[in-house]
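Start counting the sequence shown at 101; every next residue gets the next number (our numbering). By construction, the Cβ of each residue, glycine as well, lies at the ideal position given by its N, Cα and C atoms. Have a look at the structure below before the remarks.
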Amino acid sequence: TNLILNAQQAKNEKQDFFIKINLELLNKKISLNIEDNGNGIPEDKLEKIFEPNFTTKSSGTGLGLAMVKRMIEDYKGEISIRSKEGKGTTLMIILPTNM
């Protein structure tokens, strides 16, 4: 739910906002993409986005994405992020099916 909440909080009031979730099974791996068309994340902040205590929000703790990354890696998965300012963000998660 943390990933969906982050996407929802990134919305821009001037546009039709969407969150798109895509789940696929690929060669014994599960691929989950969460995409939004919100404000996007500035490039200088993108490289720090999974660090503990880093936040772009005035009231955030900066622990949510760090915890998500840790849990995914504990299950031998991968998480990455792609974002363009003013266009939106996509989180890509890959998990093995034999956890």
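Taking a 10 Å sphere around the C-beta of T161, we find fewer than 16 other C-beta atoms and assign the residue as exposed.
Note on geometry: alpha-carbon atoms of E185 and E178 lie some 23 Å from one another. The Cβ atoms of I194 and K128 lie no closer than 7 Å to each other. Here DSSP, grouped into helix, strand and coil, assigns D144 to helix. In this chain, G188 is not harboured by any alpha helix (DSSP H); it is covered by the beta strand (DSSP E) spanning 188 to 196. For the pair T189 and D136, the CB atoms are nearer than the 7 Å cut-off.
Across the set K169, K187, S159, the C-alpha of K169 shows the shortest separation from the C-alpha of S180. Between the alpha carbons of T197 and I134 lies a gap of roughly 19 Å. Ranked by Cα distance from G140, the options Q108, N122, M171 are led by Q108.
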